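Adding 85 to a residue's 1-based position in the sequence shown gives its number in the numbering used here.
Glycine is no exception: its CB is placed at the ideal position from the N, C-alpha and C atoms.
All figures in this text were calculated on a predicted structure; none of them were measured in a lab.
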Amino acid sequence: MPLDLILLGPPGAGKGTQAKILSQRLGIPHVASGDLFREHLRQRTALGQLARQYMERGELVPDAVTIQMIRGRLEQEDCRQGVILDGFPRTPAQAKALDELLTGMGRSLTAVFYIQIRDEFLIRRLAGRWTCQVCGAVYHVEFNPPRVPGRCDLDEGPLYQREDDTEEIQRRRIQVYHEQTAPLVWFYRERGLLVEIEGERSVPEVTEAMIRAIQLQRAADP
Ligand code: ADP
Ligand code: ADP
């Protein structure tokens, strides 16, 4: 059975960081809706033009286009053994659409990791976030610095700060998370899929908590 995982949590919780590590350890792709949108922006596609106005304000891109973009990605060959979804779903409508999409493929979610962290830590994390322009690896000036300042450890690509990582937009993204995405915690808890992860621990500790949860799940449902 494919391993279909969701990483859920506010902006800055560590979803992208963990998704990259899990993707390598588990051998399944990391599918990040924010990265897909940023790629559209770079390529100047019509979808990128549309998404820009929402991303610049820290608002969500409308469900219909977001769902269509993710559908296209999940239908690609490399997702057949499973995916690690990061930043999607972000609304109840997206969660329902994902259920239908996976059901249509004869699949269902393995687990939803809810990365818990207090709001007061988020801005500090986001303010120090630097991302590799080449591979998307994520660093933090203080908590997770690259070996050589400004260069990615993996491919020496230049690191950049995201345009939407200004404090004003960060605060709006956190607010939007509480209004529109946090209800998904209940949605998945009711379905027995939610695994709560303490997100204020170190990067390796958070990874190990997730790996342990996957092993338990596999042991229970081989
Ligand atoms: P973060 O890493 O801070 O959580 P993301 O990279 O996931 O941010 O998202 C950046 C922006 O991309 C969001 O503020 C939003 O405008 C857009 N976006 C990403 N994923 C979604 C989604 N599932 N639904 C709607 N908009 C999204
Ligand atoms: P998200 O994808 O949820 O928005 P990121 O993975 O981009 O979050 O992480 C946000 C920032 O916090 C990055 O600079 C990252 O290096 C840092 N970070 C991630 N996990 C931890 C952790 N467990 N402890 C300290 N800093 C972390």
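- Remark: C-beta atoms of M295 and Q103 approach each other more closely than 8 Å.
- Contact check for G112 against G172 fails: the beta carbons are separated by 8 Å or more.
- Secondary structure at G221: coil, using DSSP grouped into helix, strand and coil.
- Ranking K181, R256 and R192 by CA distance to the CA of L211 puts R256 first.
- Taken through DSSP and simplified to helix, strand or coil, Q109 comes out as helix.
- Judged by the Cβ position, P96 qualifies as a neighbour of ligand 2 at the 7 Å threshold, a heavy atom of the ligand being closer than this.
- No residue range can be given for Y262, since it is assigned to no alpha helix (DSSP H) and is classified by DSSP as neither H nor E.
- Under the 10 Å beta carbon count, A305 is surrounded by fewer than 16 other beta carbons and is classified as exposed.
- Less than 8 Å divides the Cβ of L135 from the Cβ of V150.
- With a contact defined as Cβ atoms closer than 8 Å, V288 and G133 miss out at about 30 Å.
- Within the same chain, P114 come within 7 Å of D163 by CB-CB distance, once the 5 residues on both sides are set aside.
- From the listed residues G191, I155 and E160, the smallest Cα separation to R175 is found for I155.
- When the beta-carbon positions are compared, I169 and P95 stay at least 8 Å from each other.
- Proximity of the beta carbon of V168 to ligand 1 is not indicated: no heavy atom of the ligand is located closer than 7 Å.
- Residue burial annotation: R123 is buried, with at least 16 other C-beta atoms found within 10 angstroms of its C-beta.
- Using a cutoff of 7 Å, the CB of T102 does not count as near ligand 1, since none of the ligand's heavy atoms is closer than that.
- Our two residues, A298 and V280, have alpha carbons roughly 8 Å apart in a direct line.
- Q201 has E283 as its beta-bridge partners, per DSSP.
- Look at F173: its beta carbon is at least 7 Å from all of the heavy atoms in ligand 2.
- In the structure shown, V168 adopts extended strand secondary structure according to DSSP, grouped into three states.
- For P268, the three-state secondary structure derived from DSSP is helix.
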